[in-house]
Structure formats: structure tokens, C-alpha cells
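*Asks:*
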């Protein structure tokens, strides 16, 4: 792997994921400009300094009848006029893809400061229509057309695979859900921070907690969320200036230590075949998710989960977090339940997963999730995560997934350990 | 500007733009796989060699209810499994954006061989619905909602600006249209190659050639097109191997000499203000289009149009080609008509524009146009453009535009002059 220039993360801004922008009478443009406002204010960066803008967005064409979101950002300020802009998409991994592209441009030496905006407005449509839109992240004609809420069913199938291969028990999924909701209560921007939720509720079944796709019940699902999360990425030259301006040392500024990006076959049938083959060989059952993670470890020059202080993972459903726990290497294949039972993934545990509350607790504005995850790791490794701070965190990882574990993007962000 | 590593263009494949895939009962997946088939066959590259896949697409979510097209490409062959994939969008400039990202990844040293796929299926809907979908490339709520065919009107306004500032005459637009249709007759993949079209028709007005937006008549419009265009980009290491395998010299393989990428304010009202201000100062009236072009010249280390042998430009309407002629520097501001009258833009002229027939003659499958343009320059500078060959061409430029001249992306591709 090529030795690349270091790219720094300077922080950013996240909108309150509990907001319903349509009810406020605000559209995606309003969200975009509020998020940009917040990001400039939070970092003290002037729009004039930005050299390139990348937008991660899944499907504003469907939810908001608006494409060309990169260009839309230029309207924020005359100072942004003429900048290169673009929008990037890989379903629910769109935010991470935008981050990958921005980082690469800086590595290639073209720009020193990139603004990366993850954004999605979803409450513009009813849940059935929204479920159908999300179906375009799968192979729509084969896996989603005419299926009500295709994604709980697809990730329910991931649960079935775990049940068949490893005897997955529902109580472990309920614990994942419970922890995410608990963590979210400490996150002032989490969608569910004021919701009533408990382990008893998660364990219940039937009218209070309907099954929506195989083993997946309502409490196993991430939320439908309106929101945006902005991060700034910078070259070493810019980061040095920025550190000086803020009276910080460069080594206290987080940087992208490593990343991985791998795509699985889009059809879940093929993923299932791969899972059975992997099990036979004692490998992790989602080989491409595993590859994205191990590539990121290699690039970061770290050994594995023992060198991480936290993970912000893509718990679109509890089954995807269940898979992530072991695929990050915290346990051998099929043994994620041990880490759950031992409390390893709780804040204060061996390797906290989703201290922010994740997609289940914090919310899942599809195109914003990838940048929100990186922003949360930034908060953790700079000791600014408030109530959900993982004590002493220096290095964190993100896993952002598009489709049914189809696109897998991992980032490892950290500061130098003293 | 950073001195970047050289990135080579190895050719690719274009589908026949005259085809109507819906009438053939084929969907976007079929188009994707046919285009990939063609590209592997045309270049002799094996799928196993590809290291990254980028898709340029405007709005498959709307036209084909399918997102996540990057991932869709992986299904083409087991050999592509696990590759990094993504889709990029900037309205009608999506193909060029995908190309920019792929090039940057190679420059940064991450990959040696990238497959870039521009694709759009558009004949899945009636023309009114399609016109509405295209409205999402503008600021939909302000410029397109409830407007029938918003884009001819927006580019009609560009014509009005030229009329007011420089006394544009319709006959010059008719000549642009005529040349594009004429050139297209020589292009075996052009959508209009068998259409009846003449200068008389272009000059006519009324029921045979309706005005659809100010000065814009039917003959001034590009086509609604189904199509894909694939190109391969490679590092010098890979290009050397490739040249050797094909018994060619590396210096005969085209490379990306320069590029430019600039975004104008999305609203045409603001562009109009800028145009008036620019006119006063004797500058070109689309300053961001001009910037993309001059940035590309700088990066390519060339002086301007005198060092180019051809241009493939974004003639979504004749007015955008009219602007491009002068913005490339072929004439001073407001004098594009001189180049048209002098025959400069014809094949055989001083600087042929759109020998392929462009978007008007060859067709405009939105997300594929940017890659099709680069593929056409590749054909020209390798002397393989057949009937529409510009004799002795060594260096060509492309201009791919998103929205109403909002996103502007320029590529300069060439081989070394002996």
C-alpha cells in the first residue's frame, strides 16, 4: 500500500438528529446552510479558506426532488464561488465515500482544506414510501420491488445466517439495542435521547415490538432521521496553521490513520453463499466487510482492536452491529455474543461500540451517517464528547455500510499517543 | 498547482446511443454489463486487473429506481468482488466528476487501474416526466418546479444574455446545430446519425421547429438518450505494461494533461448578474466556466486553443456551445460568431468543436456524457475516430457541464507531439 500524506480532521458540526425539518417547514437547502453555518462557527474556519466541497448524499432526488447538491453548497456564501464541488453516493455509505474522495484529493496535493458534508432529509415522505426509496440501495428489482420495508428483511436474513451457522440468540441483539439507546441518552444530538426504552422493551415481542423482518423487531432498527454532519479535512500545511491559530499542538489534531473500502456482491443471496463458504474455512462470514477493516488496520499500522479505543459502527440493524463486533476482530467468528455478555462493547468496556448511540440511538440520516461517525470519533479522541466520552480515547474506528453490507468503508482516526 | 503523477487513458467503449433500451426490454443493469463487456473486449483488459470502479450517473434513482450503482458493477464478474466502488454526481457533469475522482486516486498512489463508467437510462419515462427529473439539476423549487422543460428555458436565458450583451443572431445557433448533426452522420454510435436534418430545418421556426425556451428551438436541443461510456485510467506503471502487451510505445498512449473544475452559483439569476459584470470588464460572461478552462490549460502547460486540435464540448443546447467557443479562447468575449462564420469549428477548421456530433448530434445520456467526451478525444488522438477523425489530432479538450453552466469540468487529453 502506498505511503500517503497525512490528512487531518479539524472537527465540524452535526445538526440535532431529533429534528423534523419538514414539520419546521424547512427544506434540504435550509438544512445544508444551517449545517455549514454550524461547521464554520465550530471550527473558526472562514469560508474563504475552503478549497473543495464534497457532499455525501444517498437520494435527495427521491426525498427532496433535488440533485446537484455539491453545487447547491456554493450558494452558501460568495466566498465559495468557483470552488470544485461534487456529490458522492454509495447508498448508506455515501458520507464515508465523500470523505474518502476528499482525503484522496488532499493526498494528491490538489487542495489543502476540504469541506465534507453528509446530508439526508427523509421525513418528507411516509414510512412506506421511504422504505421503498431505501430499496434502491439494494438491487431494487430483485430484492425490494413490491416488498414492504425491504431492509429489515435483508438484515433479518443476516440474522438468520447467524442463527443457522452459530445459533445466534435474540437476547444478544436486544442487548445491542439497549446499549445503543442507553448511550444515546447521553448524546445531546441523538434522535432518541428522550425516548423511553429498556431491555424489557427490546426483549418483548408482538404488538409492542413487532417483528419486521425475520429476527428483526422494531427495537432492532435504526431510525428514519433528518440530519447533516459536516467535517473539515486538511493537509499538514493547513493543519499546522490551524493548530497555531487555535493555540494547539499539531500532534493533538486527529488525523486519518487508515481506511478501507471494499464492495460485496449486491445480492444477499450471493452474500449468503459467501457466508457459508467462509464459515467452513473458519473465516468471518462477511469477507468484504472484514477486508475493509483489515485494510484500514494495515494502513493505520495498528494490530487490531486492541489498539482501538472505540468504534462507531453501522448499526442500521442490531444484526449489522453484531457482525461488526466480531469482524473488527474483538472475538473470533461467531462469538460476538461473548463480547456482548462480557460488557466489552459498553462505554467503560474493553472496546466501546457506538458510544454516540449509533444509528439506532443517535439516528440515521442516510447520507450523513458516515461523516457523523467520523465527527464522533473526532469528539472522542479530542476529549470533547461530553457525557458519552470514552475516557482517554486516542484512536477510534468507523464502519459505514451501504446496502445489505454491500459497500463497506472503514476509517481509523486518531491522535498520537503520548 | 501541485505537480501530479501522469494518469493515462487506455480507451474504452461506448454503447450505440441510438438504442432505446426500454423498447428492447432491457434495464440499466443490462446496459451496465453490456458496456463493461464492451470495454474489456475493446481494451483487452481482464476484469482481474481492475483495482477500483467509479460510476458517473445523474439520477438512476428517478429514471430507473436504482441507486448504489457502484456496487451494481461488482456483480459483473466474480473477479471484481471486493473492489472499492462508488458513484459520483454533479448533474450532467457526473461522468467528468467520476473521471476526476478516479484520476486523483491514481495520482495519490492508491490504485493502478481504474474503470470509469458513465451511464444513464432516460427513455424509461415520458418526455414531460424526464424534463421534470432534469429540473433537479437546477434549484428545483426555484427554477424548475411546475415549469415544463425547465432546461431549454434556462439555456434560452443564456441566449437572451448573449442577445442583450452582444446581439447574438439565431443564424449562428442554427449553424452550430447544423454542424453537430452533420458530424453525427459520420459517427456510427451517434443517436441522430440517420436523422434528416439540414440548415434550412434549423433556421425554420414554428410548427416544424418549435421554440421551447426563448431563442431555443427544437433543433437547438440535445437529445434524450439511453447510453453508457466506459474508460480506463491507469498509472504509468500499468500503462507501461499495457503498452508493451499491445506492442505500443508509452508515448503513444494518451494521458490526462490537465483538468479544471469550478462551480458557478446554481441560480441562473445570479449567473446573469455575473455575466453583466463580466461584460463591463471585458471578461468572458461565464467566469467559472472560463476558470475551469484556464485551470486546465495551466495544468496541461499549454497556451490555449492554439495548442488544441479539437474540443468535445457540452452542447446541451446550442447556446452552451456558443459560449464554449469563446470561453475556450477561440475568440474574444462576444465574438464566437466570427469562429462560426469562418468555419473554424468544423472538422478541417481551425479548432473543430464536437467532431463526434456532441450532445445534439451524438446524444446526451446525462451521466455518460463526460466519459463519452473523453473517450472521443481518446479516439481522436489515437487516430481511431474513423469518419469523424480530425486529421493528425494529438491533443483534445472536453468541457462537461452540470446544470445551467453550474458545474464545469474540463479535461485535456493528449499524446506527446513528435
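Chains as they are written, first to last, in my numbering: chain S, 1 to 418; chain W, 1001 to 1418. Heads up, the beta-carbon is just placed ideally off N, CA and C, and yes, glycines get one too.
(1) Helix, strand or coil, according to DSSP, for residue 1373/W in the structure here?
(2) Measure the CB-CB distance between residue 220/S and residue 312/S and report whether it falls below 8 Å.
(3) Any idea if residue 342/S is buried or exposed, counting beta-carbon neighbours within 10 angstroms, 16 or more meaning buried?
(4) Roughly how many angstroms lie between the CA atoms of residue 1133/W and residue 1074/W, to the nearest whole one?
(5) Assuming contact is defined by CB atoms lying nearer than 8 Å, are residue 318/S and residue 176/S in contact in what I supplied?
(6) Whole angstroms are fine: how far does the CA of residue 1174/W sit from the CA of residue 365/S?
(7) Let me know the secondary structure DSSP gives residue 325/S once reduced to three states.
(8) If the cut is a Cβ gap below 7 Å, which residues of chain W does residue 116/S touch?
(9) In terms of residues, what are the limits of the beta strand (DSSP E) holding residue 29/S?
(10) Three or more beta-carbon pairs under 8 Å between the stretch 1161-1168 of chain W and the stretch 400-414 of chain S, yes or no?
(11) Name the chain W residues that come within less than 8 Å of residue 373/S, Cβ to Cβ?
(12) Looking at the C-beta of residue 268/S, does it have a partner C-beta in chain W at a distance below 8 Å?
(13) In three-state terms, what does DSSP make of residue 381/S?
(14) So with Cβ pairs under 8 Å, would you call residue 298/S a contact of chain W?
(15) Got a sec, what are the start and stop residues for the beta strand (DSSP E) residue 1268/W sits in?
(16) What in chain W is Cβ-close to residue 97/S, meaning under 7 Å?
(17) Mind checking if residue 1108/W is an interface residue toward chain S, Cβ cutoff 8 Å exclusive?
(18) At a Cβ threshold of 8 Å, is residue 124/S touching chain W?
(19) Any heavy atom of the ligand FMN within a distance shorter than 7 Å of the CB on residue 34/S?
(20) Chain B beta carbons: is any one of them nearer than 8 Å to that of residue 1230/W?
(21) What separation, rounded to the nearest whole angstrom, lies between the Cα atoms of residue 154/S and residue 1263/W?
(22) Find out if the Cβ-Cβ distance for the pair residue 419/S, residue 184/S is shorter than 8 Å.
(23) Name, please, each residue of chain S whose Cβ falls closer than 8 Å to the Cβ of residue 1257/W.
(24) Quick check: what's the CA-CA separation for residue 997/W versus residue 200/S?
(25) So, at 6 Å on beta carbons, what are the nonlocal neighbours of residue 1278/W in its own chain, with the 5 sequence-adjacent residues on each side left out?
(26) For residue 265/S, go through chain W and note every residue whose CB falls closer than 7 Å to its CB, in chain order.
(27) Short of 7 Å in beta carbon distance, which residues of its chain neighbour residue 345/S, apart from the five on each side in sequence? Order them along the chain.
(28) Measure the Cβ-Cβ separation of residue 1413/W and residue 1009/W and say whether it is below 8 Å.
(29) Check the Cβ of residue 1058/W against every Cβ in chain S and list those closer than 9 Å, keeping chain order.
(30) When the Cα atoms are used, what is the spatial distance from residue 1236/W to residue 1114/W?
(31) Within 8 Å of any Cβ in chain W, is that where the Cβ of residue 140/S sits?
(32) Could you compute how far the alpha carbon of residue 211/S sits from the alpha carbon of residue 139/S?
(33) What residue does the beta strand (DSSP E) around residue 1072/W start on, and which one ends it?
(34) Is the separation between the beta-carbon of residue 1307/W and that of residue 1260/W shorter than 8 Å?
(35) State yes or no: is the beta carbon of residue 288/S nearer than 8 Å to at least one beta carbon in chain W?
(36) Around the Cβ of residue 1246/W, are there at least 16 other Cβ atoms within 10 angstroms (buried) or fewer (exposed)?
*Replies:* Here's the rundown:
(1) helix
(2) no
(3) exposed
(4) 27 Å
(5) yes
(6) 48 Å
(7) helix
(8) In chain order: nothing, as chain W lies at least about 14 Å away.
(9) Where residue 29/S is concerned, there is no enclosing beta strand (DSSP E), although the alpha helix (DSSP H) it sits in stretches over 28-43.
(10) no
(11) Near residue 373/S there are no residues of chain W at all, since even the closest Cβ is about 17 Å away, more than 8 Å.
(12) no
(13) helix
(14) no
(15) First-last for residue 1268/W: 1268-1280, but that is the alpha helix (DSSP H), not the beta strand (DSSP E).
(16) 1086
(17) yes
(18) no
(19) This structure lacks the ligand FMN; in fact it carries no ligand of any kind.
(20) Protein chains S and W are contained in the structure displayed, whereas chain B is not.
(21) 39 Å
(22) Outside the displayed span of chain S (1 to 418) sits residue 419/S, for which this structure offers no information.
(23) Result: empty, since nearest Cβ-Cβ is about 15 Å, beyond 8 Å.
(24) Here chain W comprises residues numbered 1001 to 1418, so residue 997/W is not present and cannot be evaluated.
(25) 1285, 1287
(26) 1074, 1075, 1081
(27) 179, 325, 339, 351, 352, 353
(28) yes
(29) 61, 67, 68
(30) 12 Å
(31) yes
(32) 23 Å
(33) Unbroken run through residue 1072/W is the alpha helix (DSSP H), 1069-1074; no beta strand (DSSP E).
(34) no
(35) yes
(36) exposed
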